[in-house]
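Visitor: In my numbering, the protein residues as written are 144 to 889.
What follows is a structure written as structure tokens; I'll ask about it next.
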């Protein structure tokens with residue numbers, strides 16, 4: 144009878160001495176021990192490290208080398224420039240519960256998402272109902288069930304099992320060039336719900352024994368426009384996972400399963416302690432508040448679904464507070480979700496937030512789930528970061544969550560600056576840009592594409608002691624690289640580069656200026672039957688930049704694009720005068736050298752633009768903010784910017800920096816120090832004359848808030864934020880208004 148009862152218990156998933164724990168049981172035990180003890184998995188002593196530190200570090204070095212080797216080998220299996228050339232990919236290994244143990248180089252913050260898919264599989268009893276076997280392959284691209292930031296990022300999970308027990312997961316990720324949404328490319332910018340997001344896949348088994356099923360190949364071919372590249376990228380992810388799978392089995396054979404299980408828990412706990420110590424030793428305690436904005440401009444552009452035909456001003460609000468357990472990040476007051484493409488799930492939000500957290504606090508320790516345990520997060524239910532509607536679109540949350548990263552990362556930068564860590568203090572930017580679309584070649588072949596070179600490298604914001612550098616920074620990766628132009632040309636047959644260069648004057652001014660952003664001019668040649676282009680950028684010139692500027696400096700200008708359709712480019716090319724960046728194109732159209740029938744500067748997301756022969760599409764992105772008062776900038780540095788062409792506008796620097804200079808016949812500039820000193824005195828006096836007392840300012844602004852009918856977008860934004868108690872109390876208290884106050888909508 145006892146044997147029969149035990150078998151029955153096994154069938155319903157009860158704990159049994161004869162069978163390994165289910166995923167659900169493993170996750171529950173992990174959570175119970177971690178929560179009750181305050182230490183990961185209840186590990187209070189690093190006994191293995193203490194008893195034999197050499198063995199312990201050798202164990203981890205083998206784990207880490209497996210994921211590093213997977214990336215450096217497997218990414219050359221890829222067809223897409225994003226993975227092969229730019230390195231928009233990552234491999235990792237996790238515990239059975241999905242907690243990160245080690246990751247390769249690449250976009251690190253995706254490690255915070257690994258547990259979402261594993262926990263979903265555990266909660267839904269994948270292992271009990273369907274069975275999970277060693278070498279199975281699972282695909283994930285869904286934000287709600289897999290935590291994926293957007294469907295253009297695709298994950299492969301491979302379970303590593305010993306005697307029927309899942310002991311680890313190998314994970315591979317990359318950014319697809321096209322994911323099959325109605326709006327072609329990686330980000331469906333005009334999606335209104337998840338059913339328009341493209342190939343959205345909850346955790347699902349797509350292969351066995353490290354080999355994909357035949358139907359999976361057909362899925363890529365039938366549901367995306369870049370089937371060949373997506374299939375080869377899928378093989379790339381699986382190739383890396385297979386390398387990690389083999390290495391982990393060898394590791395367990397060498398060290399034993401008991402040592403493995405204890406060591407991985409000590410590794411996570413060790414890194415958690417180091418991260419918390421880093422936070423305490425580098426940050427001045429306090430509350431660091433921040434806000435940022437992004438427009439979802441759908442009015443008149445999204446007319447099929449009437450409920451989405453409106454503009455939404457997205458408000459991202461967050462506070463960062465150091466505490467005994469690490470940091471608390473509270474986003475209460477952020478806008479509510481909407482019928483647009485910019486909603487995020489908690490997993491996607493983590494992907495953005497942890498960009499700054501990992502870069503700031505995991506620099507001298509193992510990058511594991513320890514960083515996640517050290518950062519407490521509040522993403523209120525119903526907000527754009529945690530919708531209470533499971534069918535919201537999550538096609539492009541990066542466009543607004545990158546501002547959350549800048550708020551969090553910027554708070555850390557300010558806190559470290561206050562502590563005296565000057566080398567760590569800089570203006571944090573993530574002003575990314577991209578363009579995407581679809582086409583049909585002359586022979587009828589259809590294709591889809593994304594050019595996200597400006598996601599690979601942007602300008603670093605100014606430091607507190609020096610200027611920022613161009614193309615040296617990517618918040619989401621350790622290795623800024625924009626890839627080869629020729630590689631992107633191969634993915635978009637009709638579009639050729641006329642120029643690809645830094646954009647003069649495209650940065651935030653300050654005592655130290657931000658690094659200049661970049662621009663490229665793309666020339667449409669023999670487009671076949673059709674080519675259409677859209678833009679999914681993070682920054683919009685219609686709203687404040689995500690690059691906010693620090694200590695009195697100006698923000699970096701946001702990204703923009705220009706379409707020039709119906710041109711006389713053939714005549715211009717014969718003269719050797721083709722424009723190479725956005726500034727040159729606008730100057731040539733102003734002078735009449737370049738004639739354009741339809742010239743549009745896109746400061747917002749644009750609908751699909753049909754391109755014809757000799758049309759031009761120009762993008763500009765990656766600018767960054769400055770640090771400090773522009774009137775404190777070294778005049779000789781201003782002269783150097785004039786002479787080098789970094790900032791070619793003398794009238795601009797004269798009023799921005801108060802620098803007076805004389806230009807020689809050869810075009811070079813020379814400083815007039817006496818006139819500069821006098822000009823700066825005048826500018827400071829002018830500032831004072833134009834300023835108002837803080838009390839007077841408050842009274843005037845309160846009158847506007849209390850009585851004015853704002854633009855509809857602004858009124859809606861405030862009322863959404865006021866629907867959260869914390870923001871309502873802060874807002875009404877600051878403006879001395881009744882607690883039940885709501886902003887009028889114009």
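The beta-carbon is built from N, C-alpha and C at its ideal position, and this holds for glycine as well.
From a predicted model like this one, the values you see are computed outputs, not experimental measurements.
State the start and end residues of the unbroken alpha helix (DSSP H) segment that holds residue 825.
Guide: Start at 1 with the first residue of the chain shown, and residue 825 comes out as number 682. Where residue 825 is concerned, the enclosing alpha helix (DSSP H) stretches over 816-833.
Visitor: Report, in whole angstroms, the separation of the C-beta atoms of residue 408 and residue 472, which I expect to be a contact under 8 Å.
Guide: On the chain shown, residue 408 is found 265 positions in, with the first residue counted as 1. On the chain shown, residue 472 is found 329 positions in, with the first residue counted as 1. About 25 Å separates the two Cβ atoms, so there is no contact after all.
Visitor: Of all the options 463, 437, 222, 847, which has the alpha carbon lying nearest to the alpha carbon of residue 527?
Guide: Position 384 of the chain shown, counted from the first residue, corresponds to residue 527. Ranking 463, 437, 222, 847 by Cα distance to residue 527 puts 437 first.
Visitor: Inspect the beta-carbon positions of residue 469 and residue 411 and report whether they are closer than 8 Å.
Guide: Taking the chain shown and counting its residues from 1, one reaches residue 469 at position 326. Taking the chain shown and counting its residues from 1, one reaches residue 411 at position 268. No, the pair does not count as a contact, with Cβ atoms beyond the cut-off.
Visitor: Count the other C-beta atoms from every protein chain shown that fall within 10 angstroms of the C-beta of residue 571, then say buried if there are 16 or more, exposed otherwise.
Guide: For the purposes of this step, residue 571 is taken as the residue at position 428 of the chain shown. Label assigned to residue 571: buried.
Visitor: Identify whether residue 460 lies in helix, strand or coil by the three-state DSSP scheme.
Guide: Position 317 of the chain shown, counting from 1, holds the residue named residue 460. Here residue 460 sits in strand by DSSP.
Visitor: Quick one: which unbroken alpha helix (DSSP H) runs of 4-plus residues sit fully inside the segment 402-453? Chain order, please.
Guide: none
Visitor: In angstroms, rounded to a whole number, what distance separates the CA positions of residue 136 and residue 837?
Guide: Past the edges of the chain, shown from 144 to 889, lies residue 136, and the structure says nothing about it.
Visitor: Near residue 395, which residues of its chain fall below 6 Å by C-beta distance, leaving aside the five closest residues on each side in sequence?
Guide: Walking along the chain shown from the start, residue 395 turns up at place 252. Within the same chain, residue 395 has close Cβ partners 403.
Visitor: How many angstroms separate the CA atom of residue 635 from the CA atom of residue 464?
Guide: The residue you call residue 635 lines up with position 492 of the chain shown. The residue you call residue 464 lines up with position 321 of the chain shown. Taking the straight line joining both Cα atoms gives about 46 Å.
Visitor: Hey, how far is the Cα of residue 164 from the Cα of residue 178?
Guide: Walking along the chain shown from the start, residue 164 turns up at place 21. Walking along the chain shown from the start, residue 178 turns up at place 35. Residue 164 and residue 178: Cα-Cα distance of roughly 20 Å.
Visitor: Could you check the C-alpha separation between residue 619 and residue 446 for me, to the nearest Å?
Guide: As a first step, residue 619 is located in the chain shown; it is residue number 476 there, counting from the start. As a first step, residue 446 is located in the chain shown; it is residue number 303 there, counting from the start. Those two C-alpha atoms are separated by around 34 Å.
Visitor: From 773, 321, 300, 455, pick the residue whose C-alpha is nearest to that of residue 226; which is it?
Guide: Stepping through the chain shown from its first residue, residue 226 is reached at position 83. If we check each option's Cα against that of residue 226, 321 comes out closest.
Visitor: Taking residue 203 as part of the alpha helix (DSSP H), name the residues at either end of that continuous run.
Guide: The sequence position of residue 203 within the chain shown is 60, counting from 1. Element bounds for residue 203: 196-217.
Visitor: Have a look at residue 678 and residue 176 and give me their C-alpha separation to the nearest angstrom.
Guide: As a working note, residue 678 is residue 535 in the chain shown. As a working note, residue 176 is residue 33 in the chain shown. Looking at the two C-alpha atoms, the distance is approximately 47 Å.
Visitor: Go to residue 844, then tell me how far its alpha helix (DSSP H) extends in each direction, as first and last residue.
Guide: Counting from one through the chain shown, the residue named residue 844 turns up at place 701. Per DSSP, residue 844 is one residue of the alpha helix (DSSP H) stretching across 837-850.
Visitor: Closest to residue 773 by CA distance: which of 787, 786, 795 is it?
Guide: In the chain shown, residue 773 corresponds to position 630, counting from 1. Measuring from the Cα of residue 773, the nearest candidate turns out to be 795.
Visitor: Just how far apart, CA to CA, sit residue 362 and residue 377?
Guide: In the chain shown, the residue the question calls residue 362 occupies position 219. In the chain shown, the residue the question calls residue 377 occupies position 234. Roughly 12 Å between the two C-alpha positions.
Visitor: Kindly provide the ranges of any beta strand (DSSP E) runs that are 3 or more residues long and lie completely inside the segment 474-555, ordered along the chain.
Guide: 518-521
Visitor: Alpha carbon to alpha carbon, what distance is there between residue 245 and residue 790?
Guide: On the chain shown, residue 790 is found 647 positions in, with the first residue counted as 1. On the chain shown, residue 245 is found 102 positions in, with the first residue counted as 1. Rounded to the nearest angstrom, the two C-alpha atoms are 43 Å apart.
Visitor: Compute the Euclidean distance between the alpha carbons of residue 771 and residue 781, then round it to the nearest angstrom.
Guide: For this step, residue 771 is matched to residue 628 along the chain shown. For this step, residue 781 is matched to residue 638 along the chain shown. Taking the straight line joining both Cα atoms gives about 14 Å.
Visitor: Using DSSP with H/G/I as helix, E/B as strand and the rest coil, what is residue 293?
Guide: In the chain shown, the residue the question calls residue 293 occupies position 150. Coil.
Visitor: Counting pairs of Cβ atoms below 8 Å between the segment 548-555 and the segment 487-504, do you hit three or more?
Guide: yes
Visitor: Tell me whether the beta-carbon of residue 516 lies closer than 8 Å to the beta-carbon of residue 203.
Guide: Translated into positions along the chain shown, residue 516 becomes position 373. Translated into positions along the chain shown, residue 203 becomes position 60. Not a contact, by the Cβ cut-off of 8 Å.
Visitor: Considering only their Cβ atoms, is the gap separating residue 512 from residue 660 smaller than 8 Å?
Guide: Residue numbering aside, residue 660 sits at position 517 when the chain shown is read from its first letter. Residue numbering aside, residue 512 sits at position 369 when the chain shown is read from its first letter. No, they are not a contact pair.
Visitor: Once you ignore the five residues that flank residue 537 on each side, which residues in its own chain have a CB closer than 7 Å to its CB?
Guide: Numbered from its first residue, the chain shown carries residue 537 at position 394. So the list reads 286, 293, 337, 340, 486, 487, 488, 491, once near-sequence residues are dropped.
Visitor: When you compare only the Cα positions, how much space is there between residue 744 and residue 806?
Guide: On the chain shown, residue 744 is found 601 positions in, with the first residue counted as 1. On the chain shown, residue 806 is found 663 positions in, with the first residue counted as 1. Rounded to whole angstroms, residue 744 to residue 806 spans 32 Å at the Cα level.
Visitor: Residue 881 by DSSP, collapsed to three states: which one?
Guide: Along the chain shown, one-based indexing puts residue 881 at 738. DSSP places residue 881 outside both helix and strand once states are collapsed to three, so it counts as coil.
Visitor: Could you have a look at residue 616 and say whether DSSP puts it in helix, strand or coil?
Guide: Taking the chain shown and counting its residues from 1, one reaches residue 616 at position 473. Residue state, collapsed to three classes: strand.
Visitor: By the DSSP assignment, the alpha helix (DSSP H) with residue 392 in it spans what residues?
Guide: In the chain shown, residue 392 corresponds to position 249, counting from 1. Run containing residue 392: 370-398, per the alpha helix (DSSP H) assignment.
Visitor: So residue 894 and residue 241 are supposed to be a Cβ contact under 8 Å. How far apart are they, rounded?
Guide: Outside the displayed span of the chain (144 to 889) sits residue 894, for which this structure offers no information.
Visitor: Assuming residue 245 is part of the beta strand (DSSP E), what are its boundary residues?
Guide: Here the question's residue 245 lines up with position 102 in the chain shown. Where residue 245 is concerned, the enclosing beta strand (DSSP E) stretches over 243-246.
Visitor: For the alpha helix (DSSP H) containing residue 597, name the first residue and the last one.
Guide: Along the chain shown, read from residue 1 onward, the residue named residue 597 stands at position 454. Residue 597 -> alpha helix (DSSP H) spans 596-599.
Visitor: Nearest-angstrom Cα distance between residue 718 and residue 705?
Guide: Residue mapping note: residue 718 aligns to position 575 of the chain shown, counting from 1. Residue mapping note: residue 705 aligns to position 562 of the chain shown, counting from 1. It is roughly 22 Å from the alpha-carbon of residue 718 to the alpha-carbon of residue 705.
Visitor: Enumerate in chain order the residues of its own chain whose CB-to-CB distance from residue 856 is below 6 Å, with the five nearest sequence positions on each side excluded.
Guide: Mapped onto the chain shown, residue 856 falls at position 713. 454, 456, listed in sequence order.
Visitor: Relative to the C-alpha of residue 215, which residue among 187, 382, 190 is closest?
Guide: Numbered from 1 along the chain shown, position 72 holds the residue referred to as residue 215. When each option's Cα is compared against that of residue 215, the closest is 382.
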